[in-house]
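>
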Amino acid sequence: MRSTPGHANSYRALISGFYPEERVALGSLSTSCRYAGPREAVFHALVRRNYGCTHMLIGRDHAGVGDYYGKYESQTLCKQFEPELGIKILAFQAPHYCSRCEGITTEKTCPHVTTNPAAVTSISGTEFRAILAAGSSPPGHIVRPEIVESIKDIDLFI
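Pasting the structure below:
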């Protein structure tokens, strides 16, 4: 978990309102982002393993900046060294909202990404933060209103 007030508040809201509290452990690991992309992802995996984690989620463009690294390059490098890293890499694709599926999907879980692209809307963290910074709320089908409420008064880095 990133150690910002916004991240902590949103995770707490998810745990208290939607997840079974007896099955969730929330911890914080504060590190600086070096924007080193795939190599930094390997470093993150080692640090998490050393802190006792058995699995690590890696999404699109982990620790990257702009389009400098490939979209899933961090996942590829971590998967390549997974046995040596000693931690299970869970690779996630970029999320989308699909009006046909009526939910959050990925390229892997939704056929409409390729068969009906007009039904699919990309979810951008940059756009999400800009909506919040403007004092607006993102659509409810993108993020739960309770989560928006938990972070709306926090000065987010834009």
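The numbers in numbering that gives the first Met the number 0 rise by one with no breaks, and the one at position 79 of the sequence shown is 78. For each residue, glycine too, the CB sits at the ideal point set by N, CA and C.
1) In terms of residue numbering, what span does the beta strand (DSSP E) encompassing V119 cover?
2) Can you tell me whether V23 is buried or exposed? The criterion is at least 16 other CB atoms within 10 Å of its CB, across all chains shown.
3) With DSSP as the reference, label Y68 as helix, strand or coil.
4) Can you name the residues that DSSP bridges to G102?
5) Leaving out five residues on either side along the sequence, give the residues of the same chain with a beta carbon under 6 Å from the beta carbon of A44.
6) Measure the alpha-carbon distance for V64 versus L13 and round it to whole angstroms.
7) Output needed for R59: all residues of its chain with C-beta closer than 7 Å, excluding positions within five of it in sequence on either side, in chain order.
8) What beta strand (DSSP E) runs, 3 residues minimum, are completely inside the region 29-59?
Working from what's here:
1) It spans 119-121 - the beta strand (DSSP E) in which V119 sits, taken as one unbroken run.
2) Looking at its Cβ environment, which holds fewer than 16 other Cβ atoms inside 10 Å, V23 is exposed.
3) Coil, per DSSP.
4) According to DSSP, G102 shares a beta bridge with C97.
5) Here the set comprises M55, C77, L84, I86.
6) Taking the straight line joining both Cα atoms gives about 28 Å.
7) Correct list, in chain order: K70, Y71, Q92, A93.
8) Listed in chain order, the complete beta strand (DSSP E) runs (minimum 3 residues) inside the region 29-59 are 54-57.
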